[in-house]
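Novice:
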Amino acid sequence: MIWNGSRHRRRRTGLVLTLTATLLGGITAALPQVAAAAVVDPGASYVLVNRNSGKALDVYDLATNDGARIAQYTRNDGAWQQWQFVDSGNGYYRLKSRHSTKVLQISGGSTADAADVVQWTDSNATSQQFRLADSANGDVRLLNRNSGKALEVYEWSTADGARVVQWPDLDGANQQWQLVKLGSTPGTFANPIKRNGPDPWLQHHNGYYYLATTTWNSTVTMRRSSTLSGLSSAADQVVFDLSGRPNGCCNMWAPEFHLLNGRWYLYYVAGQNVPDYNPTQRLHVLESAGTDPMGPYSFKADLGNTWELDPSILQHNGRLYLMGSAMDGTQSLTITPMSNPYTLSGSRRTISQPTLSWEQQTAPVNEGAEPLYRNGRTMIVYSASACWGPDYKLGLLTLTGSDPLNRSHWTKSPNPVFQRNDGNGVFAPGHNGFFKSPDGTEDWIVYHANDSAGGGCDMNRSTRAQKFTWNADGTPNFGTPVRLGTPLTAPSGEPTT
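Quick note on numbering: the sequence shown equals residues -37 to -1, 1 to 460 in mature numbering (1 follows the signal peptide of the UniProt record, and there is no 0).
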């Protein structure tokens, strides 16, 4: 689940390339000539991908305020990376953010080299107007009307979060941007489906995907979309406010919603008046008034009175069991029988501890137990090792006996079933869930991960999804976690219009 970690995006120093006076002199003699403006569709949304870094023009930290800086970030096609070209006349455009509705502007209307690019309320000022100039490779430069200078990624950085500034137009690769028109490839999506989305739970119900993730505050939120790609720009809606609850007001983690007996039951973790990890975290459940996953919800019950994380529901032979993660020498997987979706009916048992070496990297942890069923087989996919390290991963338990409460009736697979992939830039993949494609023919996994080995156990983890298959022995084959921004075929049965 969630342990010690900053809630702020980590920054790293970009590569600094200093051009000497001699080199600048050589470049000046070969400054690019003004090319014809690229053709853009003012009714479309575009992602702008920097040629040097391969990363996208991005509203940093999903800000919506005037003056928020613009950066580059790994492409994910979220609304914060989508830009509309608004015609200002005479070949100039304002670039309007789909996320904030504000436009690009050179900070303070500056004409200085290295002045920051920010977002600001649209006033059609010349410092907000840009002309597109073609580069020989098919990319474009964005030239500001007020300063005449080009937008570039500062100092040729390839880091997430690197500054975007203005600089004299040199036609360098760090000043060249590929215009990717969205909506031209129906039936695809790219991860992440939510930028700041740890501990995701996703279900498809009555034509919509519903996604809930950790908020780390006193609200339980959910977003919905008819397509997986649409989740990245869908608005989070508060479905319940925990403020003032004596046994759990704060630090909402790991929400899951399950349709049981005709109502949705939303399980979550919350603590008491402490802003971060603390020993008061407890399990709780809400109940819906009807069959809409977004509620309305009312508080139903506290589930236990000791520290426990990551609630989920196992169903076996017509009975319900609450799964969690609690301390039993080390952080271990637990299971408790239930008489109904909101009432415990027996003592809590431990069914798995982090006994294998790959479950003990950075710290020994078993958590995030999630049920998986196929052809009469009952399995649990769980998260192992420390979430604040890069080796957080998934393991597998299979019920080989008849009693889910009996530890000896569970068999642990000797190797992890899903783990980091350095080549794809995916670290600490874990805390998963499962959902079916809209037509019910495909199995999908949803999980969170970091995009660097230095990523923490915080709100910077992003929600991702991918299809999985099955091995001949009946176990799941999750494959390799895919790189952010990789175009993937959307789940079968999604609407195409």
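Even for Gly, the Cβ is constructed at its ideal location relative to N, Cα and C.
Could you tell me the alpha carbon to alpha carbon distance between D29 and G71, rounded to whole angstroms?
Specialist: Walking along the sequence shown from the start, residue 29 turns up at place 66. Walking along the sequence shown from the start, residue 71 turns up at place 108. Near 11 angstroms, if we compare the C-alpha coordinates of G71 and D29.
Novice: Taking 6 angstroms as the limit between beta carbons, can you name the residues of its chain near K375, skipping five residues before and five after?
Specialist: Start at 1 with the first residue of the sequence shown, and residue 375 comes out as number 412. Excluding sequence neighbours, K375 sits near L360.
Novice: With 16 as the cutoff for other CB atoms within 10 Å, does G403 come out buried or exposed?
Specialist: Counted from its first residue, the sequence shown places residue 403 at position 440. Classification for G403: exposed.
Novice: In angstroms, rounded to a whole number, what distance separates the CA positions of H62 and T438?
Specialist: Taking the sequence shown and counting its residues from 1, the one referred to as residue 62 is at position 99. Taking the sequence shown and counting its residues from 1, the one referred to as residue 438 is at position 475. Each residue's alpha carbon lies about 41 angstroms from the other.
Novice: So, does the segment 164 to 178 touch the segment 444 to 453, judging by three or more C-beta pairs under 8 angstroms?
Specialist: As far as the Cβ criterion goes, the segment 164 to 178 does not touch the segment 444 to 453, which means the pair count is below three.
Novice: Measuring CA to CA, which of W433, D436, T443 and Y410 is closest to G160?
Specialist: Within the sequence shown, numbered from 1, the residue matching residue 160 stands at position 197. Among W433, D436, T443 and Y410, the Cα nearest to that of G160 is on Y410.
Novice: From this set, G281, N369, D414 and R424, which residue's C-alpha is nearest H394's C-alpha?
Specialist: Position 431 of the sequence shown, counting from 1, holds the residue named residue 394. Closest option to H394, Cα to Cα, is R424.
Novice: Going by other Cβ atoms of all chains shown within 10 Å of its Cβ, with 16 needed for buried, is D421 buried or exposed?
Specialist: On the sequence shown, position 458 is the one that residue 421 refers to. D421 is buried by the Cβ-count criterion.
Novice: Around the Cβ of T269, are there at least 16 other Cβ atoms within 10 angstroms (buried) or fewer (exposed)?
Specialist: Within the sequence shown, residue 269 is the residue found at index 306, counting from 1. By the 10 Å Cβ count, T269 comes out exposed.
Novice: Beta strand (DSSP E) containing residue 464: first to last residue?
Specialist: Nothing about residue 464 can be read from this structure; the chain reaches only from -37 to 460.
Novice: For P256 and H279, what's the separation of their Cα atoms in angstroms?
Specialist: Sequence index remark: in the sequence shown, residue 256 carries index 293 (1-based). Sequence index remark: in the sequence shown, residue 279 carries index 316 (1-based). Near 23 angstroms, if we compare the C-alpha coordinates of H279 and P256.
Novice: What residue range does the beta strand (DSSP E) around F48 cover?
Specialist: Numbered from 1 along the sequence shown, position 85 holds the residue referred to as residue 48. Residues W46 to G52.
Novice: Suppose contacts are defined by Cβ-Cβ distances below 8 angstroms. Is L266 in contact with L285 by that definition?
Specialist: Residue 266 sits at position 303 when you count from the first residue of the sequence shown. Residue 285 sits at position 322 when you count from the first residue of the sequence shown. For L266 and L285, yes; Cβs fall inside 8 angstroms.
Novice: Just tell me which of A113, G111, R57 and A77 has its CA closest to the CA of Q91.
Specialist: Residue 91 sits at position 128 when you count from the first residue of the sequence shown. It is R57 whose Cα lies nearest to the Cα of Q91.
Novice: Please name the residue or residues paired with W351 in a DSSP beta bridge.
Specialist: To locate residue 351, count along the sequence shown from 1; it is residue 388. Beta-bridge pairing links W351 to no other residue.
Novice: Please say whether V127 and L20 have beta carbons closer to each other than 8 angstroms?
Specialist: Position 57 of the sequence shown, counted from the start, is the residue given in the question as residue 20. Position 164 of the sequence shown, counted from the start, is the residue given in the question as residue 127. Cβ distance < 8 angstroms, so L20 and V127 count as in contact.
Novice: Rounded to whole angstroms, how far is the Cβ of D132 from the Cβ of R104, which I believe are closer than 8 angstroms?
Specialist: Walking along the sequence shown from the start, residue 132 turns up at place 169. Walking along the sequence shown from the start, residue 104 turns up at place 141. Right, the Cβ-Cβ distance comes to about 6 angstroms (below 8 angstroms), so this counts as a contact.
Novice: Using 8 angstroms for Cβ pairs, my map puts E322 next to G358. What's the rounded Cβ distance?
Specialist: As a first step, residue 322 must be located in the sequence shown, where it is residue number 359. As a first step, residue 358 must be located in the sequence shown, where it is residue number 395. Yes, they are in contact, since the Cβ atoms of E322 and G358 sit about 7 angstroms apart, within 8 angstroms.
Novice: Considering just the uninterrupted stretch of the beta strand (DSSP E) at G331, what are its terminal residues?
Specialist: Walking along the sequence shown from the start, residue 331 turns up at place 368. Residues N329 to R337.
Novice: What is the DSSP secondary structure of H247, reduced to helix, strand or coil?
Specialist: Taking the first residue of the sequence shown as 1, we reach residue 247 at position 284. In this structure, H247 counts as strand in the three-state DSSP scheme.
Novice: Could you pull out every residue in the same chain whose Cβ sits closer than 6 angstroms to the Cβ of S188, ignoring the five residues on either side in sequence?
Specialist: Translated into the one-based positions of the sequence shown, residue 188 becomes position 225. Only Y172, L194 and A197 meet the Cβ criterion.
Novice: Among the candidates Q44, I33, R32 and S16, whose CA atom is the shortest distance from the CA of S8?
Specialist: Translated into positions along the sequence shown, residue 8 becomes position 45. Of the listed residues, the one whose Cα sits closest to S8 is Q44.
Novice: Go ahead and pull the three-state DSSP assignment for G193.
Specialist: As a position in the sequence shown, residue 193 is number 230, starting the count at 1. In the structure shown, G193 sits in a helix (DSSP, three-state: H, G or I).
Novice: Which residues bound the beta strand (DSSP E) around G287?
Specialist: Residue 287 sits at position 324 when you count from the first residue of the sequence shown. First-last of the beta strand (DSSP E) with G287: R282 to D291.
Novice: By how many angstroms is the C-alpha of N100 removed from the C-alpha of K144?
Specialist: Here residue 144 corresponds to residue number 181 of the sequence shown, with the count starting at 1. Here residue 100 corresponds to residue number 137 of the sequence shown, with the count starting at 1. Distance between the alpha carbons of K144 and N100: 17 angstroms.
Novice: According to DSSP, what are the bridge partners of Q129?
Specialist: Along the sequence shown, one-based indexing puts residue 129 at 166. Bridge partners of Q129: L114.
Novice: L95 to T37, Cα distance in whole Å?
Specialist: Taking the sequence shown and counting its residues from 1, one reaches residue 95 at position 132. Taking the sequence shown and counting its residues from 1, one reaches residue 37 at position 74. Computed Cα separation, rounded: 23 angstroms.
Novice: Where N369 and E457 are concerned, what is the direct C-alpha to C-alpha distance, given to the nearest angstrom?
Specialist: As a first step, residue 369 must be located in the sequence shown, where it is residue number 406. As a first step, residue 457 must be located in the sequence shown, where it is residue number 494. If you take the alpha carbons of N369 and E457, they lie about 41 angstroms apart.
Novice: Start and end of the beta strand (DSSP E) containing A233?
Specialist: Residue 233 sits at position 270 when you count from the first residue of the sequence shown. Element bounds for A233: R226 to G234.
Novice: Check A428 in the structure and name its three-state DSSP category.
Specialist: To locate residue 428, count along the sequence shown from 1; it is residue 465. It is a strand residue.
Novice: Please classify G448: does DSSP put it in a helix, a strand, or coil?
Specialist: As a working note, residue 448 is residue 485 in the sequence shown. Here G448 sits in coil by DSSP.
Novice: Can you tell me which of the three DSSP states T361 falls into?
Specialist: As a first step, residue 361 must be located in the sequence shown, where it is residue number 398. The answer is strand: DSSP assigns T361 an E or B state.
Novice: Please identify the residue among G331, R282 and A88 whose C-alpha is closest to the C-alpha of S302.
Specialist: As a working note, residue 302 is residue 339 in the sequence shown. Ranking the options by Cα distance to S302, first place goes to R282.
Novice: For Q129, decide whether its Cβ has a neighbour in chain B, counting only Cβ atoms nearer than 8 angstroms.
Specialist: No chain B appears in the structure shown, which is made up of a single protein chain.
Novice: Any heavy atom of the ligand NAP closer than 7 angstroms to the beta-carbon of E405?
Specialist: Within the structure as shown, the ligand NAP is missing, as the structure has no ligands at all.
Novice: Quick check on T121: does DSSP put it in helix, strand or coil?
Specialist: Indexing the sequence shown from 1 puts residue 121 at position 158. Note: T121 maps to coil in three-state DSSP.
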